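Comments concern the structure below.
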Amino acid sequence: MSPEALVALRRSGRNWAELATRYGVNAAVLHVPIPEQSSAGKIAPLYRQYRSIPESGWADIQLEPAEIIALVNVRLLAQTLGISPAEVLAQSEAVDSFVKLFGELIH
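Taking this note's numbering as reference, the numbering of the sequence shown is continuous, increasing by one, and the terminal residue is 187.
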């Protein structure tokens with residue numbers, strides 16, 4: 081799917097959870113590994129779900145749009161900045177957006 085098509089679907093009112101379901105992107109695909117003892121910040125309930133069921137069942141976890149946004153941003157920031165996903169999640173607790181977090185992490 082092209083970025084333009086995705087943007088068009090979002091502008092038509094589709095949320096991230098609908099789009100993820102439509103295109104087969106599930107919680108197993110979006111999972112970002114963090115150490116067991118790490119805080120998952122605002123998505124701690126989601127990580128409790130991941131930890132409570134076998135990996136084979138992760139695809140059945142129903143993600144909320146905000147969880148999809150968080151998982152994608154954690155992966156993107158960790159890879160782009162060369163830091164651990166656990167560090168991104170820990171730092172995300174102190175800010176209200178991943179855009180602000182990016183600004184803080186690059187300085």
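Yeah, the Cβ is synthetic: ideal placement off N, Cα and C, and Gly gets one too.
All values derive from a computational prediction rather than experimental measurement.
At a cut of 8 angstroms, does the region 83-96 reach the region 120-134 through at least three beta carbon pairs? By the criterion of at least three beta-carbon pairs nearer than 8 angstroms, the region 83-96 is not in contact with the region 120-134.
Throw me the rounded Cβ distance for the L151 and L110 pair, which I believe falls under 8 angstroms. In the sequence shown, residue 151 corresponds to position 71, counting from 1. In the sequence shown, residue 110 corresponds to position 30, counting from 1. With 8 angstroms as the limit, L151 and L110 qualify as a contact, their Cβ atoms being about 4 angstroms apart.
Suppose you measure from the CA of A166 to the CA of Y103; what does that come to, to the nearest Å? As a working mapping, residue 166 is identified with position 86 in the sequence shown. As a working mapping, residue 103 is identified with position 23 in the sequence shown. Take the alpha-carbon of A166 and the one of Y103: they are about 27 angstroms apart.
Nearest to A124 by alpha carbon, out of G137, A146 and N106? To locate residue 124, count along the sequence shown from 1; it is residue 44. A124 has its Cα closest to that of A146, out of G137, A146 and N106.
Output the distance between the C-alpha atoms of W96 and Q142, rounded to the nearest integer angstrom. Within the sequence shown, residue 96 is the residue found at index 16, counting from 1. Within the sequence shown, residue 142 is the residue found at index 62, counting from 1. Roughly 12 angstroms between the two C-alpha positions.
Buried or exposed for A100, please, with buried defined as at least 16 other CB atoms from any protein chain shown within 10 angstroms of its CB. Translated into positions along the sequence shown, residue 100 becomes position 20. With 16 or more Cβ atoms within 10 Å of its Cβ, A100 is classed as buried.
How far does the alpha helix (DSSP H) with V152 in it extend, from its first residue to its last? The sequence position of residue 152 within the sequence shown is 72, counting from 1. Counting along the chain, the alpha helix (DSSP H) containing V152 begins and ends at P145 to L161.
In terms of residues, what are the limits of the alpha helix (DSSP H) holding S273? Nothing in the structure corresponds to residue 273, since the chain is present only between 81 and 187.
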